[in-house]
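Working notes for the structure below.
See the structure below:
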């Protein structure tokens with residue numbers, strides 16, 4: 103068969119691999135922070151397969167878009183750059199390795215192992231030499247033998263003859279030349295040129311089996327791929343280094359290290375994917391290769407996104423997106439352990455149509471029949487599809503499967519530091535569950551990384567809260583000591599003033615001076631009392647309080663005395679579903695008055711103050727299996743459109759003696775007192791502000807609470 107004929111036949115076939123530069127361009131564009139959405143859409147539109155995959159995902163009923171997406175640009179905007187990157191890797195790379203099983207004599211396991219190792223070594227050498235675009239060298243090493251797959255797919259019967267009559271690589275190449283008029287390197291290089299890749303990379307693949315004397319005079323592209331192919335060999339790799347050391351500036355020890363690292367990296371990868379590292383024929387190799395692409399996609403896309411997430415919700419969104427793109431899992435819920443309440447609380451993506459329902463669900467830890475609870479306690483994967491007919495599912499499990507709209511659910515523990523903090527609950531069918539089982543190592547590693555990211559974020563947040571609480575406690579302790587130490591001499595001085603006044607005649611001139619001194623001592627005692635209200639706020643008994651009425655009453659009083667004189671408009675937006683809150687009425691009243699007065703004092707040119715109340719329905723939980731309801735929390739927001747608070751002050755806003763005001767008797771204590779009272783009410787207060795954009799004080803209170811025990 104003449105060479106020209108072989109290439110014409112390959113061209114006319116339907117099995118020619120598609121353009122890999124689309125993958126390269128798209129991945130590079132996604133990694134660049136300067137690429138616009140229009141540019142990404144343009145790249146995707148050049149590849150019909152990639153476009154089809156994108157539209158397939160965006161058209162899924164589980165995405166639940168508010169309106170139809172009718173353009174690639176809109177799809178890119180919705181899915182985001184990270185999802186596009188993952189999709190590009192998985193879709194394009196799986197296309198390269200979609201090897202037919204029509205020639206069982208061909209050892210695809212050995213082929214993959216050698217190719218992947220060659221790519222890893224080529225990239226390491228490129229990085230060691232600081233060559234530009236090391237990914238290009240990886241692609242050359244990874245696909246240097248792809249010509250063999252092209253020949254195998256297009257001429258399977260002829261290639262069976264080649265494999266049956268030739269025992270080694272050199273004889274296979276000779277048999278290919280005799281049978282097809284072209285060998286694997288020639289077909290691979292031709293294919294690289296069809297793809298319009300760097301011509302130097304195509305040459306490197308073409309000359310990969312030339313004598314070393316000819317390679318010495320070649321460009322570094324040829325040398326790198328040649329060295330990589332040698333070091334990716336099956337036997338006596340290190341013994342061959344002296345023969346190739348003349349082709350590189352990397353010392354022998356450096357090449358030995360690269361070879362050892364690459365061998366271990368590929369071995370670990372093959373082991374995690376269940377590929378036989380001894381090159382034994384693996385009938386499921388194509389599936390393993392698909393898993394390899396999934397692995398790459400997870401670790402170079404999703405895993406990096408996990409590390410970049412800044413809050414727990416972002417981590418979970420990345421995790422869900424990863425499972426959707428890589429394992430084709432359409433939906434995922436998650437449950438986190440609430441140790442104080444001894445239950446698991448639910449959640450899911452804000453885009454999921456079951457979002458409100460799932461956030462209202464809680465599972466008691468005491469329910470050992472629940473697979474979700476069992477997953478938590480045993481720290482093992484639980485699959486509802488593996489339950490026997492005699493094992494009846496818990497009510498909560500059955501309801502979760504219905505909400506997932508799946509045949510079953512697959513529970514994965516979210517672990518970190520040997521502790522299980524939560525559970526991922528995936529909607530699966532039998533095929534998806536098997537895929538997850540087959541990739542158990544990868545799934546476990548991914549869930550652990552999710553757990554580590556969540557633990558890190560929570561640790562940072564808890565640490566910040568803990569530091570703030572300790573600072574406030576230190577301020578409180580110091581204030582109590584100061585009050586105690588000053589009150590003693592004040593009491594003595596007042597006694598002496600009274601005694602001295604009794605000893606002197608009523609009309610003695612000094613009596614007036616004694617009165618002045620006594621009044622000033624009373625004023626000092628009053629200042630100390632204000633300090634005491636910060637360190638030990640006075641909280642009376644807890645009782646059911648109508649928050650809406652309380653806010654309305656306070657706002658009416660302050661309108662006349664403070665707001666109207668300063669031309670400040672007041673508005674209130676109340677939630678009619680607001681339940682009565684068990685709390686301290688007077689303490690809460692002081693909080694509202696302080697916050698509204700603070701806002702008014704900051705608005706010298708008028709403006710608007712708004713009070714908003716809201717019942718946080720997501721915070722209320724239904725214990726499914728116990729048919730019990732747990733009350734949630736309420737939110738009160740006091741906002742203004744004033745000048746805002748400077749960022750430098752915001753960091754210490756609730757600490758005593760932090761203020762933007764001057765000349766007031768208790769400057770800097772108002773917000774510290776507010777914080778102390780809210781804490782005593784078992785609530786939380788936060789502040790959101792932007793200079794020139796106004797300020798929001800957000801108070802969260804439990805519906806049912808009681809006075810905190812004093813330690």
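Numbering (our numbering), first residue to last: 103 to 813.
Where is the CB? At the ideal position from N, CA and C, for every residue including glycine.
Only a predicted model underlies this, so the values are computations on that prediction, with no experimental measurement involved.
Query: Which same chain residues end up closer than 7 Å to residue 456 when comparing Cβ atoms and leaving out the 5 residues on each side of it in sequence?; Result: 450, 505
Query: Hey, could you find the ends of the alpha helix (DSSP H) residue 815 is sitting in?; Result: Past the boundaries of the shown model lies residue 815; the chain is included only from 103 to 813, so the question cannot be answered.
Query: Following the continuous beta strand (DSSP E) through residue 646, name the residue where it begins and the one where it ends.; Result: 645-647
Query: Measuring only the C-alpha atoms, how far is residue 244 from residue 466?; Result: 51 Å
Query: Would you kindly work out how many angstroms separate the C-alpha atoms of residue 246 and residue 217, rounded to a whole number?; Result: 7 Å
Query: Does DSSP classify residue 381 as helix, strand or coil?; Result: Legend: pLDDT at residue 381 = 42, less than 50; position of this residue unreliable, value from coordinates given subsequently. Coil.
Query: Helix, strand or coil for residue 484, going by three-state DSSP, please let me know.; Result: strand
Query: Output the distance between the C-alpha atoms of residue 468 and residue 340, rounded to the nearest integer angstrom.; Result: 59 Å
Query: Can you name the residues that DSSP bridges to residue 512?; Result: 485, 528
Query: Kindly indicate which residue of 424, 440, 583 has the alpha-carbon position closest to the one of residue 433.; Result: 424
Query: Going by the C-beta, is residue 597 closer than 7 Å to any heavy atom of the ligand PLP?; Result: Among the components modelled here there is no ligand, and therefore nothing to report on the ligand PLP.
Query: Could you please give the first and the last residue of the uninterrupted alpha helix (DSSP H) stretch that includes residue 458?; Result: 457-461
Query: Nearest by alpha-carbon distance to residue 680: which of 649, 240, 614, 801 is it?; Result: 649
Query: Give the DSSP-derived three-state secondary structure of residue 807 in the structure shown.; Result: coil
Query: Residue 278 by DSSP, collapsed to three states: which one?; Result: helix
Query: Does DSSP put residue 716 in a helix, a strand or coil?; Result: strand
Query: Would you mind stating whether residue 630 and residue 594 have Cβ atoms separated by less than 8 Å?; Result: no
Query: What is the rounded straight-line gap between the Cα of residue 799 and the Cα of residue 690?; Result: 14 Å
Query: What residue from 207, 286, 272, 236 has the CA that sits closest to residue 108's CA?; Result: 286
Query: Is the segment 696-710 close to the segment 664-675, with three or more CB pairs under 8 Å?; Result: yes
Query: Taking the beta carbon of residue 553 as the centre, do at least 16 other beta carbons fall within 10 Å, making it buried, or is it exposed?; Result: buried
Query: Assuming residue 654 contacts residue 687 under a Cβ cut-off of 8 Å, what Cβ separation, rounded to an integer in Å, is found between them?; Result: Not quite, the Cβ-Cβ distance comes to about 14 Å (not below 8 Å), so this is no contact.
Query: Per the DSSP calculation, residue 449 is bridged to which residue(s)?; Result: 436
Query: Mind checking whether residue 545 and residue 538 have CB atoms under 8 Å apart?; Result: yes
Query: Assess, as a yes-or-no matter, whether the segment 317-334 is touched by the segment 252-262 under the definition of 3 or more beta carbon pairs within less than 8 Å.; Result: no
Query: Cβ atoms of residue 303 and residue 294: under 8 Å apart, would you say?; Result: yes
Query: Taking 8 Å as the cut-off, does the segment 733-745 touch the segment 706-722 (at least 3 CB pairs, one atom from each stretch)?; Result: yes
Query: CA-CA distance, residue 797 and residue 224?; Result: 56 Å
Query: With the cut-off set at 8 Å, would you say residue 431 and residue 529 are in Cβ contact?; Result: yes
Query: Taking the alpha-carbon of residue 439 as reference, which of 289, 751, 475 has the nearest alpha-carbon?; Result: 475
Query: Just tell me which of 252, 624, 336 has its CA closest to the CA of residue 112.; Result: 252
Query: Quick test of your reading: residue 436 and residue 524, contact by CB under 8 Å. State the CB separation rounded to the nearest angstrom.; Result: 6 Å
Query: If you check the beta carbons only, do residue 328 and residue 317 fall under 8 Å apart?; Result: yes
Query: Short of 7 Å in beta carbon distance, which residues of its chain neighbour residue 486, apart from the five on each side in sequence? Order them along the chain.; Result: 473, 495, 499, 503, 510, 511
Query: Return the chain-ordered list of same chain residues with a C-beta closer than 6 Å to the C-beta of residue 279, the five sequence neighbours on each side being excluded.; Result: 285
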